[in-house]
Amino acid sequence: MNQFFKSLLCILFILGLQHKIIAQSAYHGGKGSGYNSASTSFQIGTRGNLDSSANTYRLYPSPVPMGQNLWLEFQNNSNSLVTVQMADVLGQVFSVFNTYENKLNINTTSLAQGMYFLRIGINDKFFTAKFLIIGNH
Amino acid sequence: MSLLLCIGYLSGLSACANNLQISEVKMIDGTHVQCRVSWENAWNLEGLAAPHNHDAVWIFIKYKKADQNWEQAQVLSSKINFEYDSQAVQIATVADQNGFFIQSNRKGSVSLLSAQITIPLAVNFSSGSYELKVFGIEMVWIPQGSFYIGDAWAQQSLSRGDSLKPFYIRSERMIAHGTDSLSLRDTGKSDPKDSIPALFPKGYRGFYCMKYELSQKQYADFLNCLNYTQQINRTVFAPNSGILTGALAQPLSNRNGISIQSSGVAPSLPAVYACNMNQNEIFNDPSDAENRACNFLNWADLSAYLDWAALRPLSELEFEKVCRGPQYPVAGEFAWGTALSVDANSLIYDATDSEQVNDIITPGAGLASYGYIGPQGPLRVGFAAKSNSTRLESGAAYYGVMEMSGNLWEQCVTVLGKEGLSFDGTLGDGLLNSDGDANTPYWPVNTGIGAGYRGGAWLSGVLANFRDPAVSARFYIGLKPDQRRNTSGGRGAR
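Sequence order for the protein chains is A and B. Residue numbers for the first sequence, in my numbering: 17 to 153. Residue numbers for the second sequence, in my numbering: 18 to 511.
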């Protein structure tokens, strides 16, 4: 019985210590402040892709007439696994493609008119392309 | 064995705080920005221990086009396009796409939280050259919950309608003005005179509050994202004034060191502002007080900053929630929960990022900058918090927000009249009008009617029966903050 109460007291002590120590962490401080900022400069080329991008790509036709397939070509000299995510303007990914080649043919027949994004991952590096689906005239 | 393990676990919870850093910013592919965010002693005590909250950093992004105008860079609201170490941090996106929150994904505190984040932008950049800037502000989560307003002691403290007892806020529902126990009133000159609408932010619902008052670097960065005309209204001297001209007051007045680094040219080239407290030829150097609280802000300045940063003002009811949390009021108490205080006078490391004081704290007292002696201006934000400080030693409010008593007056939306009571907590949208003014609906307008002062400042008195830094003191709540006072600053919420 005594052992039980000793254990109970020990647990209560630990809980009290925990409460005290943890609660203080919100009140600690050091140097500097809670504000910072940093900047960068970049250039967008006439094709709409980043000029300094580590990868260059071709996307055609652009814009894409509704119902036609889209071709995406990119650098993949080492035949690495390439993952391509297709997302809407809200960032919702609705299709994912995998390939070891340097191009991809994408069926767009189910897509409505509007802007879409392709997020292409090669060797842990990512770049993004965008394309526009337009109505048939 | 378990005791040893437990102590080992607990010892890892203490560390230095703040020191927020944004670094390694780069545009990856025209639609994704990558950066590193780090800060010290992030905490998440939800479900673990009082005060059962967490801190987070509000990140927002601006970009400058060829026409030299800065725009808000919206961020996709879907988390799926973010990339980050989900073991270390979690991301909370927002519906208005004007930024996002990043917080620790671990319970307890983390001595140094550092994460690289890839941020998906909802911006369609046309061809051309751009400059892009990522901003971070540490904020503290104030959880949803009931709390007390008024301490039955302080000047013009709010109270129940039928007595001087504290009023208990238990929802965001309308609060009547009257003489019964469920109504709110003030027997002094700052009586609300009308009911408080349901939409007025009362502090019951959870919200984020800036952990610190606006700093001088923070305001200088803001000025540098405005055009020439907008700068005119957010400063006291014309942007085409000479180098070293003060931004908000005469140079170095009451410890404000924001100066013109490069003169503007009317009407199209804005000035460049920087901190230069030591008045040497190097701007933003380690002893230029970049992290010191920014004084000389009037309501128009503060509300413009908050609109631009996609935040919003605090209401005076929220002010008391942030300070007191769920605890029952103590008569005459300060933000640290007792009625005893020590004035921060013995300044060391002046103007550096370690600016602090070495005053001896007496038992039961909290440390704050107030009174008529000592530094004649504000101190560094978070000056009193140290690697192992307690709430009293750091002068912290219940949830971990700093300098709610003293340093600079907090400008809050009041419950005094229709100009304040129409405030509904609408968030800023990141965009100002062409004059550089806030233009968010239902905020108190530039003249400051509907806004007032809470929390005292470095020049406030703490006397036997009169103490402006007290949590419930409202002596200056009816003084509209239209002047750039050497004691006025502020912070925001979201």
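Glycine residues also receive a C-beta, built at the ideal position from the N, C-alpha and C atoms.
Under the three-state DSSP convention, the category residue i falls into
i	result
Gly506(B)	coil
Cys242(B)	coil
Tyr185(B)	strand
Lys43(B)	strand
Ala409(B)	Residue identity differs from the one stated: residue 409(B) is Leu in this sequence, not Ala. It is helical.
Asn86(B)	coil
Asn122(B)	coil
Glu427(B)	strand
Ile38(A)	With a pLDDT of 49 at Ile38(A), under the threshold of 50, the predicted position of this residue should be treated as unreliable, though the coordinate-derived value follows. DSSP places Ile38(A) in helix when its eight states are reduced to three.
Tyr389(B)	coil
Lys497(B)	coil
Leu175(B)	coil
Val137(A)	The sequence as given places Gly at residue 137(A); Val does not occur at that position. Looking at Gly137(A) - three-state DSSP - the assignment turns out to be strand.
Leu86(A)	strand
Gly151(A)	coil
Arg511(B)	coil
Gly437(B)	helix
Tyr43(A)	helix
Gly394(B)	coil
Asp67(A)	The predicted position of Asp67(A) is uncertain, since its pLDDT is 46 and thus under 50; a value taken from the coordinates is nonetheless stated next. Note: Asp67(A) maps to coil in three-state DSSP.
Glu155(B)	strand
Arg190(B)	coil
Gly29(B)	Because Gly29(B) sits at a pLDDT of 34, beneath the cut-off of 50, its placement in the model cannot be relied upon, and the point is left open.
Pro160(B)	coil
Tyr51(A)	strand
Cys23(B)	Any reading at Cys23(B) must be qualified, since the residue scores a pLDDT of 36, below 50, and its modelled position is unreliable; no value is offered.
Arg53(B)	strand
Arg484(B)	strand
Buried/exposed call for residue i, threshold 16 Cβ in 10 Å
i	result
Gln172(B)	buried
Asp168(B)	buried
Met102(A)	buried
Val98(A)	buried
Lys141(A)	exposed
Gln104(B)	exposed
Gly259(B)	exposed
Leu243(B)	buried
Ser207(B)	buried
Tyr51(A)	buried
Ile192(B)	buried
Ile299(B)	exposed
Leu328(B)	buried
Pro458(B)	exposed
Ile37(A)	With a pLDDT of only 46 at Ile37(A), under the threshold of 50, the placement of this residue in the model should not be trusted, and no figure is reported.
Ala321(B)	buried
Met294(B)	buried
Check whether residue i and residue j have beta carbons under 8 Å apart
i	j	result
Tyr387(B)	Trp426(B)	no
Asn58(B)	Ser128(B)	yes
Cys340(B)	Tyr221(B)	no
Val80(A)	Phe147(A)	yes
Ala468(B)	Lys435(B)	no
Phe217(B)	Leu438(B)	yes
Leu314(B)	Gly506(B)	yes
Leu106(A)	Leu449(B)	no
Asp360(B)	Gly394(B)	no
Trp56(B)	Asn70(B)	no
Asp54(B)	Ile159(B)	At residue 54(B) the sequence reads Val, which differs from the Asp that was named. No, these two residues do not count as a Cβ contact at 8 Å.
Ser57(A)	Tyr147(B)	yes
Gly447(B)	Gln89(B)	yes
Asp203(B)	Ser176(B)	yes
Lys150(B)	Ser55(A)	yes
Asn250(B)	Gly453(B)	yes
Ser406(B)	Pro486(B)	no
Thr144(A)	Gly83(A)	no
Leu120(A)	Phe113(A)	yes
Short CB-CB distance (under 8 Å) between residue i and chain E
i	result
Thr431(B)	The structure shown has no chain E; the protein chains it does contain are A and B.
| query | Hey, which unbroken runs of the alpha helix (DSSP H) at 4 residues or more fall wholly within the stretch 277-361 of chain B? | reply | 316-325, 333-341
Length-filtered (4 minimum) alpha helix (DSSP H) runs lying within the stretch 202-271 of chain B = 233-240, 245-251
Q) If you scan the stretch 57-105 of chain B from start to end, which runs of the beta strand (DSSP E) of 3 or more residues do you find wholly inside it? A) 72-81, 87-90
- prompt: Taking one C-beta from the stretch 37-46 of chain B and one from the stretch 82-90 of chain B each time, how about it: are there three or more such pairs within less than 8 Å?
  reply: no
3-residue-minimum beta strand (DSSP E) runs that sit fully inside the stretch 452-481 of chain B, ordered along the chain = 468-471
Contact between the stretch 265-282 of chain B and the stretch 82-89 of chain A is defined here as three or more beta-carbon pairs at a separation below 8 Å; is this criterion met?
no
Next on the checklist: For the stretch 402-418 of chain B against the stretch 353-368 of chain B, do three or more pairs of beta-carbon atoms, one drawn from each stretch, fall closer than 8 Å, so that the two count as touching?
Outcome noted: yes
Is it a yes or a no for the stretch 477-484 of chain B touching the stretch 329-343 of chain B, going by three-plus beta-carbon pairs under 8 Å? no
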